[in-house]
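Just below is one structure, and these are the notes that go with it.
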Amino acid sequence: MKKRANMRRKALFAIALTLLFAPVVTADLPQPKDPLVMPAIALRQTPAQWVRIYRESEKDPATLLRYLDEHIRFVSTRRSAPVEEPLSDPEGLRQLETRTYVFNRLGDVGTPDLIPAIERFIQRRREANDWATRSDIVLAQLTIERIQARAKGREAYKNTMLNWIRNTASYADSVDANGRFNAMAVVRFGYGVRALAVIGAGDTVPLILDAIQEADKKMPRMSWFFNRPHVIHWLAQLEDAKLLEELRKGFFSYGTTTPFSTYYLEPVEKDPIWLYWQIRTRGMDVAQTVRVMLEAAGGEGPRRMISRVIACLGETAVPPLLKYIVAPPVCSDPESAQAAAISAIGEIGSSSAVTVLCRMLATGSPRLKAAAAYALGKIGDPVALPDLLKLAQSNDFYVQMSAIRALGNLGDIRAEPTLLKLLSEHPNDNVRYAAVEALMKVGTSAAIPVLEGRLQAEPSRSVQGRIGWALRILRQKAR
Numbered sequence: 000m001k002k003r004a005n006m007r008r009k010a011l012f013a014i015a016l017t018l019l020f021a022p023v024v025t026a027d028l029p030q031p032k033d034p035l036v037m038p039a040i041a042l043r044q045t046p047a048q049w050v051r052i053y054r055e056s057e058k059d060p061a062t063l064l065r066y067l068d069e070h071i072r073f074v075s076t077r078r079s080a081p082v083e084e085p086l087s088d089p090e091g092l093r094q095l096e097t098r099t100y101v102f103n104r105l106g107d108v109g110t111p112d113l114i115p116a117i118e119r120f121i122q123r124r125r126e127a128n129d130w131a132t133r134s135d136i137v138l139a140q141l142t143i144e145r146i147q148a149r150a151k152g153r154e155a156y157k158n159t160m161l162n163w164i165r166n167t168a169s170y171a172d173s174v175d176a177n178g179r180f181n182a183m184a185v186v187r188f189g190y191g192v193r194a195l196a197v198i199g200a201g202d203t204v205p206l207i208l209d210a211i212q213e214a215d216k217k218m219p220r221m222s223w224f225f226n227r228p229h230v231i232h233w234l235a236q237l238e239d240a241k242l243l244e245e246l247r248k249g250f251f252s253y254g255t256t257t258p259f260s261t262y263y264l265e266p267v268e269k270d271p272i273w274l275y276w277q278i279r280t281r282g283m284d285v286a287q288t289v290r291v292m293l294e295a296a297g298g299e300g301p302r303r304m305i306s307r308v309i310a311c312l313g314e315t316a317v318p319p320l321l322k323y324i325v326a327p328p329v330c331s332d333p334e335s336a337q338a339a340a341i342s343a344i345g346e347i348g349s350s351s352a353v354t355v356l357c358r359m360l361a362t363g364s365p366r367l368k369a370a371a372a373y374a375l376g377k378i379g380d381p382v383a384l385p386d387l388l389k390l391a392q393s394n395d396f397y398v399q400m401s402a403i404r405a406l407g408n409l410g411d412i413r414a415e416p417t418l419l420k421l422l423s424e425h426p427n428d429n430v431r432y433a434a435v436e437a438l439m440k441v442g443t444s445a446a447i448p449v450l451e452g453r454l455q456a457e458p459s460r461s462v463q464g465r466i467g468w469a470l471r472i473l474r475q476k477a478r
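This is the structure we're talking about:
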């Protein structure tokens with residue numbers, strides 16, 4: 000116990016020195032290398048093709064029409080597809096997502112002279128009458144309406160988009176024969192919010208919030224349930240403090256599910272989870288921001304993806320993170336706060352954290368040992384190798400698995416004997432599978448004969464498959 004106390008005091012002293020000389024800076028998203036591609040946390044990273052589309056359309060909106068022609072050619076090759084959109088087809092999904100972004104962009108920058116071409120697109124899609132016809136026509140018609148409204152000036156455009164949100168029932172395509180909202184009402188509502196966010200109409204926030212409350216009561220339940228998070232994620236772009244509670248409900252009320260994780264960030268768009276925390280911690284410095292977020296991770300606050308958000312702060316977040324790894328903030332679940340801090344350190348990849356993390360491997364709970372091992376693997380400092388080799392023999396399954404994965408990420412060939420031993424002797428299929436995965440990264444030609452022998456003796460088909468793949472990789476390396 001005395002040894003642990005001494006280790007803890009030394010760690011705290013080292014962290015105190017780091018904090019003493021750390022500059023006080025406000026917490027904000029670091030400038031990305033490309034201002035069109037913001038860090039992705041909850042959403043998926045902006046596709047490179049979308050960045051090209053954005054840049055081309057900034058110079059000439061007419062270039063967007065080319066992508067509509069490409070879309071027609073694509074769907075014509077899928078005539079045998081079912082009437083419903085092929086949502087299980089990755090290529091089909093990518094095409095639909097790009098088509099949607101092209102229409103979004105046309106509505107943002109398109110000019111009235113492009114409307115005849117969009118109308119011709121609608122006519123061609125009607126004639127085709129295939130699996131994508133209905134959604135294509137809906138997007139095209141809404142895009143024409145947006146272009147027409149934008150041509151009348153910003154204020155007229157803003158008022159039209161507000162009307163889409165507040166008076167959706169006045170549009171014939173948005174109500175059924177009984178006057179109830181249909182799925183088109185949800186689409187129109189969402190595009191109205193998106194348009195207001197794109198032009199930065201912050202003065203409309205109270206009106207949008209009122210409209211969302213009404214929509215919660217009147218919109219078709221299933222369609223609204225699945226699309227509401229998308230509406231809220233666009234609303235977040237207005238970065239208004241009045242949105243905080245709505246953002247919390249919209250982003251963190253789905254258990255472990257991230258409701259909009261299949262969406263891509265559009266160029267220049269900020270990730271909505273980041274925006275939630277940016278609004279919540281506005282005016283705080285980095286140390287205060289980290290503390291508030293770790294308190295949420297260890298309490299009743301929204302926990303999802305906190306480590307990834309903190310990691311976006313970069314090296315400026317490291318000193319307070321190190322402090323809270325050793326001595327967590329006051330909260331109901333301090334271990335969760337420590338685990339979040341460790342994960343954030345790993346995401347940042349700071350080598351200055353290696354000493355503290357290695358101590359955690361020796362003194363932490365199984366959960367914190369597993370988190371520290373994984374973080375050390377991401378950091379990639381070979382100093383951690385002896386400790387990780389020891390933990391790879393742990394009796395705790397999660398600690399062992401984390402250490403094995405870390406050895407693979409570390410990429411040090413000195414881990415090869417331990418990994419081969421685990422593959423050859425460990426009784427658990429999952430452990431052997433993880434060992435093979437790690438050997439793909441650290442294995443040398445010396446491992447090939449062992450893997451060949453194990454391929455014949457391995458009882459698990461899934462592990463056999465990974466051994467075969469590892470052999471292919473190592474043989475290519477040996478050439």
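Take the sequence shown: its position 131, counted from the start at 1, is 130 in numbering that gives the first Met the number 0, and no numbers get skipped. Even glycine gets a Cβ: it sits at the ideal position worked out from N, Cα and C. These numbers were taken from a predicted model, which means no experiment stands behind them.
Residue i versus residue j - alpha carbon distance
i      : j      : result
TRP49  : GLU265 : 7 Å
LEU206 : ASN166 : 12 Å
LEU42  : THR261 : 7 Å
ALA168 : ASP135 : 22 Å
VAL325 : ALA371 : 12 Å
PHE102 : ASP386 : 54 Å
ARG358 : GLU334 : 16 Å
LEU409 : HIS232 : 36 Å
VAL24  : LEU312 : Per-residue confidence for VAL24 stands at a pLDDT of 49, beneath the threshold of 50, marking its modelled position as unreliable; no derived number is given.
PRO426 : TYR432 : 11 Å
LYS217 : ILE278 : 29 Å
ILE378 : ASN429 : 24 Å
PHE251 : ASP112 : 43 Å
PHE73  : VAL137 : 18 Å
LYS2   : VAL355 : Note that LYS2 has pLDDT 48, beneath the 50 cutoff, so the model's placement of it is unreliable and the number below is only indicative. Approximately 15 Å between the Cα atoms of the pair.
ALA194 : ASP107 : 7 Å
LEU419 : ALA477 : 18 Å
PRO228 : ARG179 : 22 Å
TYR263 : THR45  : 6 Å
GLY348 : LEU390 : 20 Å
TYR373 : GLY199 : 41 Å
MET304 : LEU360 : 23 Å
ALA235 : ILE412 : 46 Å
Of the listed residues the options, nearest to residue i (C-alpha basis)
i      : options                           : result
ASP284 : ALA310, THR315 and GLY298         : THR315
LEU421 : LYS248, ASP33 and ALA402          : ALA402
VAL186 : ALA139, ARG72 and LEU388          : ALA139
ARG51  : LEU35, ALA39 and GLN44            : LEU35
GLY91  : LYS368, THR362 and ILE71          : ILE71
LYS58  : THR45, LEU105 and ARG125          : LEU105
ASP239 : ALA214, TYR275 and MET221         : TYR275
SER173 : THR159, MET160, PHE188 and LEU161 : PHE188
THR288 : ILE272, GLU268, PRO271 and PRO319 : PRO319
ARG474 : SER459, ALA434, GLN212 and MET439 : MET439
LEU67  : THR99, GLU55 and MET160           : THR99
ASP270 : ARG471, PRO31, PRO38 and ARG133   : PRO38
Element boundaries [alpha helix (DSSP H), containing residue i]
i      : result
GLU288 : The question names Glu, but residue 288 is Thr in the sequence shown. Here the alpha helix (DSSP H) through THR288 covers 285–296.
TRP130 : Unbroken run through TRP130: none, as it is neither H nor E.
GLY249 : 243–251
MET37  : Per DSSP, MET37 belongs to no alpha helix (DSSP H) and is neither H nor E.
ILE278 : 271–279
PRO318 : 317–325
ILE309 : 305–310
GLY348 : Segment: none, GLY348 is in no alpha helix (DSSP H) and carries neither H nor E.
VAL435 : 428–441
VAL449 : 447–456
GLY407 : 396–409
ILE211 : 204–217
LYS157 : 153–165
SER444 : From DSSP, SER444 is part of no alpha helix (DSSP H); its letter is neither H nor E.
Which residues DSSP lists as bridging residue i, in chain order
i      : result
ARG43  : TYR263
VAL174 : PHE180
Coarse secondary structure for residue i, derived from DSSP in three states
i      : result
ARG119 : helix
GLU238 : coil
CYS330 : coil
GLY191 : helix
PRO60  : helix
PRO228 : helix
GLN475 : helix
THR362 : helix
PRO89  : helix
heavy atom of the ligand SAH below 7 Å from residue i C-beta
i      : result
ALA171 : Absence of the ligand SAH is noted for the structure shown, with no ligands found whatsoever.
Cutoff 8 Å: residue i Cβ touching any chain B Cβ
i     : result
LYS58 : Annotation note: the requested chain B is absent from the structure, which comprises a single protein chain.
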